[in-house]
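Number of protein chains: 2
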Amino acid sequence: MERVDIAIIGTGPAGVSAALTAVNRNKRVMLLGSRELSEKVTKAHEIRNYPGFPQVKGADLAEAFRRHLEAAGVEITEKRVGAVYAMGDYFALQTGEEMQEAEAVILATGVVQAHPLPGEKELLGRGVSYCATCDAPLYRGKTAAVIGYSPREEAEAAFLSQVCEKVLYFPVYAEETGLPGSVQVIREKVTGIEQADGKRLVRTETGAYVADGVFVLREAVAPDTLVPGLATEGAHVTVNRKMETNLPGVFACGDLTGTPYQYVKAAGEGNVAAIGAAIYVDAKRRQKEAALRSE
Amino acid sequence: MERVDIAIIGTGPAGVSAALTAVNRNKRVMLLGSRELSEKVTKAHEIRNYPGFPQVKGADLAEAFRRHLEAAGVEITEKRVGAVYAMGDYFALQTGEEMQEAEAVILATGVVQAHPLPGEKELLGRGVSYCATCDAPLYRGKTAAVIGYSPREEAEAAFLSQVCEKVLYFPVYAEETGLPGSVQVIREKVTGIEQADGKRLVRTETGAYVADGVFVLREAVAPDTLVPGLATEGAHVTVNRKMETNLPGVFACGDLTGTPYQYVKAAGEGNVAAIGAAIYVDAKRRQKEAALRSE
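Top line first, the protein sequences correspond to chains Z and U. Here the first sequence is numbered in this note's numbering, starting from 1 and rising by one per residue. Here the second sequence is numbered in this note's numbering, starting from 296 and rising by one per residue.
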């Protein structure tokens with residue numbers, strides 16, 4: 001796939017704003033996330049302080065964002081990014097089994113509200129995964145447990161059920177599930193994940209379930225898990241007023257950078273991050289051209 | 296006049312956003328500035344990256360802001376603030392001949408694009424003034440020169456012509472003037488202001504004009520002139536990510552805090568400043584209550 005100038009991860013107000021400003025600066029953009037946009041926006045009952053939209057329903061503001069992206073020619077690539085690797089001269093984004101290349105990256109994934117489950121971080125990559133598309137082949141014909149933090153994760157569980165022999169699904173939400181009959185839904189509060197005899201054990205308040213692989217699926221992944229080497233403070237990415245992180249070429253914006261968790265704050269930071277990323281990409285290009293000329 | 300919780304100076308996207316968030320946080324707000332909102336917004340031909348408004352005319356975005364302020368019950372107080380003084384426990388804002396009191400202040404005045412004229416800063420308060428309403432009485436029956444940076448300043452010159460014997464008006468813009476016949480319009484480029492024999496001398500590229508007082512009228516005043524003691528870097532106010540300045544209780548947002556000069560960046564910062572100011576006001580109130588209880 002062609003390398004883009006700026007990959008933007010997340011389709012909340014920060015990511016949408018970053019994409020609009022980046023295309024306005026004539027940059028080739030890949031905007032990765034849900035076409036439904038951020039659940040935090042779409043599910044908001046009423047937003048009163050996004051200037052220009054008095055007392056707007058979250059769903060209506062999201063619709064206005066979608067129309068704006070369309071008018072600007074920005075498409076949403078509906079892929080989950082498993083990891084971002086700094087390759088020296090560019091960045092590689094793992095999206096399922098593919099890799100996407102970008103000159104610069106803007107993180108706009110929102111903040112992980114949930115604490116990781118006990119055992120989750122320790123077993124990540126050793127039986128625990130955040131990406132069904134990436135790791136399903138490892139559990140072909142085996143048992144997978146899915147801990148899903150929103151109904152959107154059900155599509156992943158349904159996909160796994162086509163590959164695995166058995167899928168256990170632990171919904172971490174109240175809504176009814178709409179899963180194929182082959183998926184076993186377990187409505188028990190998960191308390192942790194353990195290793196046991198070469199298998200994984202999902203512990204709940206009332207029992208324990210054995211699986212070969214455990215998928216923990218949330219809307220957002222902890223930022224330093226997503227981008228190795230990224231400086232964070234608790235759940236937040238450390239940024240300066242230019243939305244630069246400690247990694248050159250990686251910018252962050254929105255709830256991910258800290259409170260207040262507000263729509264227009266996120267949109268404003270997306271704008272600043274996009275301008276920073278555009279300047280970064282342009283400067284790198286000029287350096288390369290100068291290096292070529294002096295050879 | 297009753298003391299308000301938060302005085303917000305400036306009605307561009309930063310000030311409007313700050314006001315909307317502050318009233319949302321149940322704070323008593325005074326929003327000071329032009330009811331026409333920021334000229335930078337209203338005169339923008341097309342804005343392409345304010346998320347939610349695809350390819351919007353500046354005038355239409357300003358209209359959406361005005362409707363939003365109205366829906367939120369925020370009125371604009373159309374007064375020019377000459378100075379903000381920290382009084383220890385509160386702030387006093389000089390607005391013409393009145394003083395307005397506030398617990399906290401948000402600066403959203405935009406950035407002063409023009410450099411000060413040679414002599415302007417040196418003679419400020421000694422024959423040079425930024426506020427016609429404040430200082431007109433000093434020049435009753437005398438000669439005033441007005442250097443006006445936008446057609447909006449013509450109203451000030453017209454007011455001065457009712458008080459002064461003679462008013463010279465130097466427009467720093469191309470538009471036609473619409474001034475009373477008693478005002479002498481001089482279309483020459485002003486190069487500086489000097490002291491001469493107890494009077495002021497306005498120098499232009501082609502001549503020199505004597506006046507008792509010189510009024511330099513721009514949409515925005517240099518921030519450290521407006522707020523004595525405020526830390527600045529060049530034309531910008533120094534702020535941290537919470538939009539706090541070096542003065543406790545004084546916040547800044549928008550173009551005033553630095554580049555990029557972008558509408559949604561300004562709106563985002565206004566939101567953060569308002570939340571910071573609301574938290575500051577609440578904390579101060581709790582401290583006072585605790586002090587009263589312990590007496």
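No residue lacks a Cβ here, since even glycine has one placed at the ideal position from N, Cα and C.
Among the candidates R298(U), L327(U), V505(U), whose CA atom is the shortest distance from the CA of A391(U)? As a first step, residue 391(U) must be located in the second sequence, where it is residue number 96. It should be pointed out that residue 391(U) corresponds to Gly in this sequence rather than to Ala. Here the closest residue by C-alpha is L327(U).
Hey, quick one: how far does the beta strand (DSSP E) through D5(Z) stretch, first residue to last? One-based indexing of the first sequence puts residue 5(Z) at position 5. Under the DSSP assignment, D5(Z) falls in the beta strand (DSSP E) whose first and last residues are 4 to 9.
Here's the rule: buried if 16 or more other CB atoms are within 10 angstroms of the residue's CB, otherwise exposed. What is P118(Z)? In the first sequence, residue 118(Z) corresponds to position 118, counting from 1. Classification of P118(Z): exposed, given that the 10 Å Cβ count is below 16.
Taking only the alpha-carbon atoms, compute the straight-line gap between E449(U) and I401(U) and give it to the nearest angstrom. Along the second sequence, read from residue 1 onward, the residue named residue 449(U) stands at position 154. Along the second sequence, read from residue 1 onward, the residue named residue 401(U) stands at position 106. When the Cα atoms are used, E449(U) and I401(U) turn out to be separated by approximately 27 Å.
What does A267(Z) reach in chain U if we use C-beta pairs closer than 7 Å? Translated into the one-based positions of the first sequence, residue 267(Z) becomes position 267. Per Cβ cutoff of 7 Å: P346, V559, G563.
Amino acids of chain Z, ordered along the chain, whose beta-carbon sits closer than 9 Å to that of H410(U): Along the second sequence, one-based indexing puts residue 410(U) at 115. Chain-ordered listing is empty here: chain Z has no CB closer than 9 Å to the CB of H410(U), the nearest sitting near 24 Å.
Verify the CB distance criterion: does P308(U) have a CB-CB separation below 8 Å to chain Z? For the purposes of this step, residue 308(U) is taken as the residue at position 13 of the second sequence. Yes, its Cβ sits closer than 8 Å to a Cβ of chain Z.
Closest Cβ-Cβ distance between F465(U) and chain Z: below 8 Å? Reading the second sequence from its first residue, position 170 is the one you call residue 465(U). For F465(U), no Cβ of chain Z is located within less than 8 Å of the residue's own Cβ.
Please report whether the beta-carbon of N319(U) lies at a distance below 8 Å from any beta-carbon of chain Z. In the second sequence, the residue the question calls residue 319(U) occupies position 24. Judged by the 8 Å Cβ criterion, N319(U) is in contact with chain Z.
Could you tell me which residues DSSP puts in a beta bridge with K461(U)? Here residue 461(U) corresponds to residue number 166 of the second sequence, with the count starting at 1. According to DSSP, residue pairing for K461(U) in a beta bridge involves T438(U).
Show which residues of chain Z have a CB atom less than 8 Å away from the CB atom of S312(U). Numbered from 1 along the second sequence, position 17 holds the residue referred to as residue 312(U). Near S312(U) (Cβ distances below 8 Å), the residues of chain Z are N49, P51, V264.
How long is the line joining the alpha carbons of G508(U) and D430(U), rounded to whole angstroms? As a first step, residue 508(U) must be located in the second sequence, where it is residue number 213. As a first step, residue 430(U) must be located in the second sequence, where it is residue number 135. C-alpha separation (whole angstroms): 9 Å.
Work out the CA separation of K43(Z) and V216(Z) for me, nearest whole Å. As a position in the first sequence, residue 216(Z) is number 216, starting the count at 1. As a position in the first sequence, residue 43(Z) is number 43, starting the count at 1. The straight-line gap separating the alpha-carbon atoms of V216(Z) and K43(Z) is approximately 22 Å.
Going along the chain, which residues of its own chain have a beta-carbon closer than 6 Å to the beta-carbon of Q94(Z), five neighbours each way excluded? The sequence position of residue 94(Z) within the first sequence is 94, counting from 1. So the list reads G82, A83, once near-sequence residues are dropped.
Taking A222(Z) as part of the beta strand (DSSP E), name the residues at either end of that continuous run. Looking up residue 222(Z) in the first sequence gives position 222. Counting along the chain, A222(Z) falls outside any beta strand (DSSP E), and DSSP gives it neither H nor E.
Per-residue contacts from I570(U) into chain Z (C-beta, under 9 Å): The residue labelled residue 570(U) in the question sits at position 275 within the second sequence. For a Cβ distance threshold of 9 Å, residue set T259, P260, Q262, K265 of chain Z lies close to I570(U), ordered along the chain.
With a threshold of 6 Å on Cβ separation, who are the neighbours of A526(U) within its own chain once the five nearest residues in sequence on each side are excluded? Translated into positions along the second sequence, residue 526(U) becomes position 231. T533, N541, listed in sequence order.
Does R28(Z) get closer than 8 Å to chain U when you measure Cβ to Cβ? Stepping through the first sequence from its first residue, residue 28(Z) is reached at position 28. No, its Cβ sits nowhere closer than 8 Å to a Cβ of chain U.
Pairwise C-alpha distance: E471(U) and A453(U): In the second sequence, counting from the first residue as 1, residue 453(U) sits at position 158. In the second sequence, counting from the first residue as 1, residue 471(U) sits at position 176. Rounded to whole angstroms, A453(U) to E471(U) spans 15 Å at the Cα level.
What residue does the beta strand (DSSP E) around L31(Z) start on, and which one ends it? Translated into the one-based positions of the first sequence, residue 31(Z) becomes position 31. First-last of the beta strand (DSSP E) with L31(Z): 29 to 32.
With a cut-off of 8 Å, do at least 3 Cβ pairs link the stretch 61 to 71 of chain Z to the stretch 342 to 362 of chain U? The answer is yes - the stretch 342 to 362 of chain U touches the stretch 61 to 71 of chain Z, with three or more Cβ pairs under 8 Å.
Supposed contact pair G571(U) and F593(U) - C-beta distance, whole angstroms, cut 8 Å: An answer regarding residue 593(U) cannot be provided, because it is not within the stretch 296 to 590 covered by chain U.
Are the beta-carbon atoms of A313(U) and A387(U) separated by less than 8 Å? In the second sequence, the residue the question calls residue 313(U) occupies position 18. In the second sequence, the residue the question calls residue 387(U) occupies position 92. Taking 8 Å as the Cβ cut-off, A313(U) and A387(U) do not qualify as a contacting pair.
Using a Cβ cut-off of 9 Å, pull out every chain Z residue sitting near V406(U), in sequence order please. For the purposes of this step, residue 406(U) is taken as residue 111 along the second sequence, with counting starting at 1. Ordered by position in chain Z, no residue passes the 9 Å Cβ test against V406(U), which lies about 15 Å from the chain.
So V172(Z) and A144(Z) are supposed to be a Cβ contact under 8 Å. How far apart are they, rounded? Taking the first residue of the first sequence as 1, we reach residue 172(Z) at position 172. Taking the first residue of the first sequence as 1, we reach residue 144(Z) at position 144. Not confirmed; about 16 Å, so no contact.
Can you grab the Cα-Cα spacing for the pair A104(Z) / A22(Z), in whole Å? Against the first sequence, residue 104(Z) aligns to sequence position 104. Against the first sequence, residue 22(Z) aligns to sequence position 22. Going from the Cα of A104(Z) to the Cα of A22(Z) covers about 11 Å.
Meets three-Cβ-pair contact criterion under 8 Å: the stretch 328 to 337 of chain U and the stretch 54 to 62 of chain Z: No, they do not touch.
So which residues of chain Z does L326(U) contact, with C-beta pairs closer than 8 Å? For the purposes of this step, residue 326(U) is taken as residue 31 along the second sequence, with counting starting at 1. Near L326(U) there are no residues of chain Z at all, since even the closest Cβ is about 13 Å away, more than 8 Å.
Contacts that V272(Z) makes with chain U (C-beta to C-beta distance below 7 Å): In the first sequence, residue 272(Z) corresponds to position 272, counting from 1. Near V272(Z) (Cβ distances below 7 Å), the residues of chain U are P555, K560.
Does DSSP put G377(U) in a helix, a strand or coil? Taking the first residue of the second sequence as 1, we reach residue 377(U) at position 82. If DSSP states are grouped into helix, strand and coil, G377(U) belongs with the strands.
Once DSSP output is grouped into helix, strand and coil, what is the label at H531(U)? Taking the first residue of the second sequence as 1, we reach residue 531(U) at position 236. Correct three-state label for H531(U): strand.
Which of the three DSSP states is assigned to R200(Z) in this structure? If you number the first sequence from 1, residue 200(Z) lands on position 200. In the three-state reduction of the DSSP assignment, R200(Z) falls in the strand class.
Under 8 Å, do A278(Z) and R25(Z) count as touching if we go by C-beta distance? The count along the first sequence starts at 1 and reaches residue 278(Z) at position 278. The count along the first sequence starts at 1 and reaches residue 25(Z) at position 25. In this structure, the beta-carbon distance from A278(Z) to R25(Z) falls below 8 Å.
Look up V112(Z) in the DSSP assignment and give the residues it is bridged to. The count along the first sequence starts at 1 and reaches residue 112(Z) at position 112. Beta-bridge partners of V112(Z) (DSSP): none assigned.
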